[in-house]
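Engineer: Next up is a structure, given as structure tokens.
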């Protein structure tokens, strides 16, 4: 089932399965990847309650072992539509007997999509319904369509001079890094950048970037509430994922303890955690 919101200028379609944004149009242009399964069959999955890969796909909490697949389970579950207007929609996922088998926390996850002027804002609220602290990570994974040749695109981060990416080894942080020099604040795109998987910027130091097509801005992503960022594509694919994150994959030497996982968020009982980011279409 799909819900569509629009202000007559910007339109967004959200699949109830995973509360996943599957279309984003502005002035007749589709900005989101079409989900061609030959390369990657998703559009913009929600990453919760982990981001990235756990070492051996497992973690320990209160002396018990649990298993979670890469990026967690939210992207594979059906959300309910809690409320809707012409220009906004709120989706809700609640813990249940199945989630408790792999993630022992009572929670609610709300995702609010709203369109305004030339932008869509995606807001998240995690509510801890349990008696103890809840531990989680949270991330977005939107894939933006690149109809031109990949080399015609660049990313602009005006507040940064260089980027330092943490390199992955079979989905885990290897401890090695790669420094990417920027040319006048811009990173030209090249598939070779992604030879070892995603680029991961922990505590990135910038909270906004602009995607350029033939040197002209086509969209801007603002993610003030997210300290970490992932960039990803596959060789030959006509998309780039720009991924605001709160958290990231385990390291090769991770000890599996959820409470000690770098980047993890601890939420007190009866408290809410809120974060949002905005995509402006140019």
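In the numbering used here, the protein residues as written are 98 to 379.
For every residue, glycine included, the Cβ atom is placed at its ideal position computed from N, Cα and C.
(1) Look at the Cβ atom of residue 253, then the Cβ atom of residue 282, and state whether they are nearer than 7 Å.
(2) Three-state secondary structure (DSSP) at residue 215?
(3) Tell me the rounded alpha-carbon separation between residue 303 and residue 262.
(4) Assign residue 287 to one of three DSSP states: helix, strand, or coil.
(5) Answer with buried or exposed for residue 177, where buried requires no fewer than 16 other C-beta atoms within 10 angstroms of its C-beta.
(6) Whether or not the segment 258-274 and the segment 224-239 are in contact is what I'm after, with contact meaning three or more pairs of Cβ atoms, one per stretch, closer than 8 Å; do they touch?
(7) Under the three-state reduction of DSSP, which class applies to residue 131: helix, strand or coil?
(8) Helix, strand or coil: which one does DSSP assign to residue 336?
(9) Could you pull the start and end residues of the alpha helix (DSSP H) that residue 84 belongs to?
(10) Near residue 216, which residues of its chain fall below 8 Å by C-beta distance, leaving aside the five closest residues on each side in sequence?
(11) Using the three-state DSSP reduction, which class does residue 306 fall into: helix, strand or coil?
(12) Would you list the residues sitting across from residue 276 in a DSSP beta bridge?
(13) How would you label residue 103, buried or exposed, when you count the other beta carbons within 10 angstroms and need 16 or more for buried?
(14) For residue 172, which of helix, strand or coil comes out of DSSP?
(15) Using C-beta distances below 6 Å, list every residue in its chain close to residue 220, excluding the 5 sequence neighbours before and after it, in chain order.
(16) Three Cβ pairs or more, each shorter than 8 Å: is that satisfied between the segment 180-195 and the segment 128-137?
(17) Could you check the C-alpha separation between residue 211 and residue 257 for me, to the nearest Å?
(18) For residue 334, which residues of its own chain have a beta-carbon under 6 Å away from its beta-carbon, when the five flanking residues on both sides are left out?
(19) Distance, Cα to Cα, residue 174 vs residue 276?
(20) Given a threshold of 16 other Cβ atoms within 10 Å of its Cβ, counted over all protein chains shown, does residue 207 qualify as buried or as exposed?
(21) Assess, as a yes-or-no matter, whether the segment 302-316 is touched by the segment 346-353 under the definition of 3 or more beta carbon pairs within less than 8 Å.
(22) Measuring alpha carbon to alpha carbon, tell me which of 366, 369, 365 and 344 ends up nearest residue 359.
Structural biologist: Reading off the structure:
(1) yes
(2) coil
(3) 13 Å
(4) coil
(5) exposed
(6) no
(7) coil
(8) strand
(9) Outside the shown range of the chain, which is 98 to 379, sits residue 84, and nothing can be said about it.
(10) 107, 375, 376, 377 and 378
(11) strand
(12) 261
(13) exposed
(14) helix
(15) 209 and 373
(16) no
(17) 29 Å
(18) 136
(19) 37 Å
(20) buried
(21) no
(22) 344
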